[in-house]
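Participant: Dumping the structure here so I can ask a few things about it.
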């Protein structure tokens, strides 16, 4: 779309703006194609008609009826190892496993959050083993936290932020699952960790990554032409498919990777125990804080499970400042003590207080809606008491 018609009013010197056919264009503008906003679009090369995305995407659902109550799972190991991320690590794979014998002390009351699950898809019997495997897998499939300095010479962290914010808009426009967005950003960062990209192709990489993630996570996937459509046909079908192939080959088709969203759902349940159902506001606020972390390149130094745990910690404190945000149940199921979360929690708090620029508004706008209980508008404290992390 032309920069004059973009509702986001990106500045003329936006680092991602490209000339397209001799005209200035802000490629990461509003995802709506304003030259043909409602009707079908025409493939300029073949002359064939392409339906607008809003009319071609159909939401599918699979509902499972009630089943027998899951048997009681094995009690989580009270002496489990804790994944403690060091901020001064030299690579994303270098983490320390520190034994915490007092983690989830047997004298403390720890809820068995898997004992009353009735949905077989939640795998209550094997949940502890599954998440233990995810914790070990997240170390192997994390992007480099310093690729902007080591690998990239044509793009910077600001460009990445604008791109990820645009991907949030794309996910909202097509009603994609949150898991799709998180996986798309993971693929983006992992590819950028080892491949130099030009700023002209950064949006091409982003739209290819979200198409890959949609194919992996969604039941109903938008067509390739739909992804051309949201870029205002800046990139052709073949260009997107070629970039998709490049990304998949570079990642060796390893798309099963833990993201913060994988852990967030379980940690939210652990925060409320087995008796209390998490409120929609609490879930939305934790999701909002976690999604804010996607925008910040500096947050790559934290493991996804740590980001999820920190989002739950901060959401607990924002909603219930008079109570202790971290419990023995959370320690047991996250394998993190409060002291391990301090750095990440304070970074999330800083992201909450940063004034959004005109180019980065999608996450806050998304979580300012009624369906998310206006989570982005909740009062956020300026600082946190140090005793919370002791």
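Residue numbers (the UniProt record's numbering): 1 to 390. Don't be surprised by glycine CBs; every beta carbon is placed ideally from N, CA and C.
#1: Classify residue 180: buried if its beta carbon has 16 or more other beta carbons within 10 angstroms, exposed otherwise.
#2: Quick check for students: name the residue ranges of the alpha helix (DSSP H) that lie wholly in the UniProt domain "Cyclin C-terminal" (258-381), counting only runs of 4 or more.
#3: Using the rule of at least 16 other Cβ atoms within 10 Å of the residue's Cβ for burial, across every protein chain shown, is residue 194 buried or exposed?
#4: Using C-beta distances below 6 Å, list every residue in its chain close to residue 317, excluding the 5 sequence neighbours before and after it, in chain order.
#5: Helix, strand or coil: which one does DSSP assign to residue 216?
#6: Taking a contact to mean a Cβ-Cβ separation below 9 Å, would you say residue 295 touches residue 196 in this structure?
#7: What is the C-beta distance between residue 154 and residue 198, in whole angstroms, given that I count them as a contact (C-beta under 8 Å)?
#8: Write down the C-beta distance between residue 262 and residue 302 rounded to the nearest angstrom, noting that I regard them as a contact closer than 8 Å.
#9: Report buried or exposed for residue 371, applying the criterion of at least 16 other Cβ atoms within 10 angstroms of its Cβ.
#10: How should residue 220 be labelled, buried or exposed, when 16 other C-beta atoms within 10 angstroms of its C-beta is the threshold for buried?
#11: Below 9 Å between beta carbons: does that hold for residue 185 and residue 176?
#12: For the putative contact between residue 227 and residue 240, defined by C-beta atoms under 8 Å, what is the C-beta separation to the nearest angstrom?
#13: Exposed or buried, what is residue 334 when buried is set at 16 or more other beta-carbons lying within 10 Å of its beta-carbon?
#14: Just to check my reading of the structure: residue 138 and residue 381 have Cβ atoms closer than 8 Å, yes? What is that Cβ distance to the nearest angstrom?
#15: For residue 315, which option in 173, 264, 146, 114 has the closest C-alpha, if you only look at C-alpha atoms?
#16: Looking at the structure shown, is residue 143 part of a helix, part of a strand, or coil, going by DSSP?
#17: I'd like to know whether the C-beta atoms of residue 224 and residue 211 end up nearer to each other than 9 Å.
#18: Look at residue 338 and residue 285 and say whether their C-beta atoms are less than 9 Å apart.
#19: Residue 116: which of 384, 306, 269, 281 sits nearest, CA to CA?
#20: Nearest to residue 130 by alpha carbon, out of 145, 114, 143?
#21: Beta-carbon separation of residue 293 and residue 341 under 9 Å?
#22: Where does the unbroken alpha helix (DSSP H) through residue 109 begin, and where does it stop?
#23: Classify residue 384 as helix, strand or coil using the three-state DSSP reduction.
#24: Could you spell out where the alpha helix (DSSP H) holding residue 246 opens and where it closes?
#25: So is residue 121 buried or exposed if we call it buried at 16+ other beta carbons inside 10 Å?
#26: On a Cα-Cα basis, can you pick out the residue from 378, 151, 246, 229 that is closest to residue 187?
#27: I'd like to check one pair, residue 383 with residue 376: are the Cβ atoms closer than 9 Å?
#28: May I have the straight-line CA-CA distance separating residue 109 from residue 328, to the nearest angstrom?
#29: How many Å lie between residue 378 and residue 208 at the Cα?
#30: When the Cα of residue 231 is compared with those of 306, 166, 151, 150, which residue comes out closest?
#31: For residue 123, collect the residues of the same chain with a Cβ closer than 7 Å to its Cβ; drop the 5 residues on either side in sequence, then sort them by chain order.
#32: Just verifying my parser: in three-state terms, what is the DSSP assignment at residue 179?
#33: Give the range of the alpha helix (DSSP H) segment to which residue 226 is assigned.
Facilitator: With the given structure in hand:
#1: buried
#2: 260-272, 280-295, 304-319, 328-334, 338-353, 362-366
#3: With fewer than 16 Cβ atoms within 10 Å of its Cβ, residue 194 is classed as exposed.
#4: 325
#5: helix
#6: For residue 295 and residue 196, no; Cβs fall outside 9 Å.
#7: 5 Å
#8: That pair is no contact at about 15 Å.
#9: Exposed is the call here.
#10: exposed
#11: no
#12: Contact flag correct, Cβ pair sits at about 6 Å.
#13: Buried.
#14: Their Cβ separation, rounded to whole angstroms, is 29 Å, which puts residue 138 and residue 381 out of contact at 8 Å.
#15: 264
#16: coil
#17: Against a cut-off of 9 Å, the Cβ pair of residue 211 and residue 224 comes out as a contact.
#18: No, these two residues do not count as a Cβ contact at 9 Å.
#19: 269
#20: Closest by C-alpha distance to residue 130, out of 145, 114, 143, is 114.
#21: Cβ distance not < 9 Å, so residue 293 and residue 341 don't count as in contact.
#22: No alpha helix (DSSP H) holds residue 109; DSSP gives it neither H nor E.
#23: coil
#24: For residue 246, the enclosing alpha helix (DSSP H) starts and ends at 237-250.
#25: The C-beta of residue 121 has fewer than 16 other C-beta atoms within 10 Å across all chains shown, which makes the residue exposed.
#26: 246
#27: In this structure, residue 376 sits away from residue 383, with a CB-CB distance that is not shorter than 9 Å.
#28: 7 Å
#29: 34 Å
#30: 166
#31: 130
#32: helix
#33: Residues 224-230.
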